[in-house]
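1 is the number of the first residue of the sequence shown in full-length UniProt numbering; add one for each residue after it.
All C-beta atoms in this analysis are idealised placements derived from N, C-alpha and C, irrespective of residue type, glycine included.
Here the structure comes first, spelled out in structure tokens, and everything after it is commentary.
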Amino acid sequence: MMAARYIRCMRYMPIFKPVVDCSIHRSHMRTCTSCNSRQKNAQNVNANKSMLTTHTGIIDSSVRFLCQETPLSSLGDTNVKEQNSKTKVSELTQSPLAFNVSSKYPNINNLSHPIDVNIEEKQDSVYMDPLEEDDSVEEKRDVSEMPKELLQQKFSEALRKCTSPSDVLDLTMKHSLTCKQSSNCLTTMWDITKKMSEEQKCLQRRLMFEHPAFPQLCYEVMEAARKMTSQDLVYSLHALVKLRVSQRTRLIQTLVRVCQERLNGFDERALSILASCLEVMDGSKNVDTLRSGLQLLVELWIPKIMSVLSLQTMMRCIGKDAPLSLKKKLEYKALSLMDQFSLPNCQHMFTTLAKIDLLSLPILSVCSNRIIQNVNRIPFWWLIHILRSCSDLQYRNEVLFSTIANYVTSTMYMWQTKQVLLFLSAFESLGFRPPVLLDKFAEQIMQNPESLTLKDVLIILRVYSLFNHLPACQHQRFLDSLTRVLETYLPKIPATELLRAVYSYCVLGYFPQVPFNSLLQENILNELLTSDNQNIELNARLLHYIVLCLELENPAFIKPINIALGKPPPASTTTHPGVQQALHSLLGTTSMFQQNVQLPNNYYTDFQIHMDRDRRKVFPVDEVEASARPFDGHSCRVAVLCCPASSFCLDTMHPKDKLAMKIRHLKVLGYHVVLVHEQAFEKMKEEDQVEFLRRKVFSEDTASDHNLQNHQEVEIRETPPQL
């Protein structure tokens, strides 16, 4: 196309004399140009596809020229010197460049006169119409004299109007792109795509890869990589990786190698974009080398960092796989700049530490205090980012979480339902139960349940069941409101989502007839337990607990006869020497209690004690008969459960989902349940451990009368110390 444009521009030069009727000739040339443009586009696509599928193969220079649409002066050995007024068309077509082009594309000779005809032989022919000549000269003047800024502005406006990657590619076919415009096109394609749903993304990516202009755009980016600015370079690489262009292609590897060569010249912005790109790239020789170089560069820059913003940028650049020594150097640098931290700096520090996986308690403590003091000044999304970062870092600060929860509760009127659900989901991942917020939100739900979507109902059931929380005195109304909404979605709810909703009801001890009947249909069960389902084991385990809940808590519920579920494997048992030693000291001998007792319903207890009904006297229990002894109403079985901190809500003894359901079922079976918080119990002194178990195992009257010698009364808190 550029060859045709070059020849056409030569015709418009005043120094040339026309040789044929120009009205006919111009029409002929435009027709040929359009025809050959289509042919070259088809050939360009075939030539450039190899660049997206393989590392090898060098495209011929003539093809590269036609694909790239660069000026003739941009080629090395095929440069065409500036022609004077007596240059002949035959000399142009017989030049090395013309030879290469015509040999590859025979039809391109149609764009000029035959090789053996020169201009001088036809200089006495019909001249060009003066009006047409003036128009063409004026047209040429308008295009050449148009400011570059105006052209760039028009292109940017057209780019902003694009609504799909294909629109961007269509636009590239109408313009000869600069390096920056090529980079902007790729970035715009990713910006448009990332806002789509997953299904739309797949469709748009397929259309993008099939578009004839995409290989051409990629080829131009690869050729212009070394001419790009640092930011255009990294933005292009970032967009291509996000668009899922194969990282094994010559295009991606070329951009990575150019980044290696120019790494020392990158500014903070370019380094930050490059780091976010490397974070999602697969490991390879070039990528690993670039990562190492980036980490080394950051380490060299640490002494020169004087601002918090620059420090956080450098911290985000090193990634999670950086050496611990480098992370510590950055931590010390952050501590030295602590007096410069603003409120936005404190917000960003949570996400920055999470990005490099560095749990720095001194930094987080200072930033948390600043957040607590200014919680009402922090935007919604930053509060969510802070909570999610705490979850990623496994940082637990009950004061910080309580402050955010109280702020959300007091300003409930200004939050949408989806925003409150995001807060609750963040608290769920932290294991922190905000009871006041849960009650307030439940009240809002009961006032307007029709506004809930299916996704809202599923999240609410999941969160409330995990926290084992129901609003006081209104739990029946709350659950009925959710059930009415869920029933409206039953015809179109996926089987796995229905399973999880019904399981949440079981955890809360609520058994609505309609959702349970829908789940226990034969076709639904087959879908959940067939080999095509990826979560067969999880589904079977949840179904086992659902059936167990119906058997123990709602025996009147009529189940289909064809339900046949295998029991999940029993949970692995562990020893608890501290608890065992304390029970031995309390009861006097190991024959008075049993350890790791398996129950018929697939439950087990860490320790089991057989006592009288009033829990005053302990009976020796034979190990074989422990689980088989019938409950006669005159005796009591005490089940001691040793539970990790993850089984309780943060900094409380409030049991979460599965543990709460297990406690309820053991009580139905006639057990008195004693909970032992493993981490808190280990921190107690030995005499405190014995006293704690005495208060829990024996009845209150017996425990107050039964004082061990040389033991003083010790107050045992219901909530464990902060871990």
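Please go through the same chain and pick out, in chain order, the residues whose beta-carbon is closer than 6 Å to the beta-carbon of residue i, but skip the five residues on each side of it.
i	result
residue 441	420
residue 506	546, 549
residue 182	220, 221
residue 483	512
Restricting to Cα atoms, I'd like to know which of the options is closest to residue i.
i	options	result
residue 263	247, 233, 587	233
residue 319	338, 355, 310	355
residue 304	268, 592, 277, 283	268
residue 555	513, 579, 541	513
residue 306	333, 296, 284	333
residue 651	178, 431, 445	431
residue 290	252, 611, 327, 312	252
residue 516	495, 534, 357	495
residue 655	379, 522, 508, 691	508
residue 277	578, 190, 149	190
residue 271	538, 244, 237	237
residue 435	203, 402, 183, 449	402
residue 175	167, 155, 165	155
residue 245	228, 204, 285, 647	204
residue 328	362, 310, 698	362
residue 615	603, 587, 476	587
residue 637	696, 438, 660	696
residue 475	445, 497, 489	445
Using the rule of at least 16 other Cβ atoms within 10 Å of the residue's Cβ for burial, across every protein chain shown, is residue i buried or exposed?
i	result
residue 413	exposed
residue 605	buried
residue 377	exposed
residue 131	Low confidence applies to residue 131: its pLDDT is 31, below 50, so where it sits in the model is not reliable, and the reading given next is rough at best. Flag for residue 131 reads exposed.
residue 280	exposed
residue 218	buried
residue 187	buried
residue 404	buried
residue 691	buried
residue 590	exposed
residue 682	exposed
residue 215	buried
residue 453	exposed
residue 292	exposed
residue 172	buried
residue 230	buried
residue 153	exposed
residue 243	buried
residue 491	exposed
residue 211	buried
Leaving out five residues before and five after residue i in sequence, what residues of the same chain have Cβ atoms less than 8 Å from its Cβ?
i	result
residue 678	576, 642, 643, 644, 645
residue 426	384, 387, 388, 391
residue 34	Residue placement at residue 34 cannot be trusted, given a pLDDT of 39 that sits under 50; what the coordinates show is reported in the next sentence. Excluding positions up to five away in sequence, the list is empty.
residue 301	314
residue 394	359
residue 340	307, 308
residue 287	247, 256, 278, 281
residue 196	204
residue 311	305, 330, 333, 334, 337
Comparing the C-beta of residue i with each C-beta of chain C, is any distance below 9 Å?
i	result
residue 244	Considering every chain present, this structure includes no chain C. It has just one protein chain.
Looking only at its own chain, which residues have a Cβ that is under 7 Å from the Cβ of residue i, when we skip the five neighbours before and after it?
i	result
residue 225	233, 254, 255, 258
residue 180	232
residue 673	639, 641, 663, 666, 667
residue 617	611
residue 620	591, 592
Taking residue i and residue j to be in contact with their CB atoms under 8 Å, please state how far apart those CB atoms are, rounded to whole angstroms.
i	j	result
residue 220	residue 177	6 Å
residue 417	residue 480	Rounded, the Cβ-Cβ distance is 19 Å, inconsistent with contact.
residue 519	residue 499	6 Å
residue 366	residue 338	6 Å
residue 315	residue 330	5 Å
residue 608	residue 594	5 Å
residue 335	residue 371	Contact doesn't hold; Cβ gap of about 18 Å is too wide.
residue 295	residue 326	6 Å
| field | Contiguous beta strand (DSSP E) assignments of at least 3 residues, all confined to the UniProt domain "RAP" (638-695) | value | 671-677
| Which whole runs of the alpha helix (DSSP H) in the stretch 504-542 are 4 residues long or more, in chain order? | 513-519, 522-529
| said: Restricting to runs no shorter than 4 residues, where is the alpha helix (DSSP H) found entirely within the stretch 437-492? | reply: 454-467, 475-488
| message | To test your reading of the DSSP string, which unbroken alpha helix (DSSP H) runs of 4 or more residues are found completely within the stretch 161-227? | response | 165-172, 179-193, 198-210, 213-223
| Which parts of the stretch 231-287 are runs of the alpha helix (DSSP H), unbroken and 4 residues or longer, counting only runs that do not cross its ends? | 250-261, 268-279
| said: Which runs of the alpha helix (DSSP H) at least 4 residues long sit entirely within the stretch 337-423? Give them in chain order. | reply: 343-356, 361-373, 380-393, 398-410
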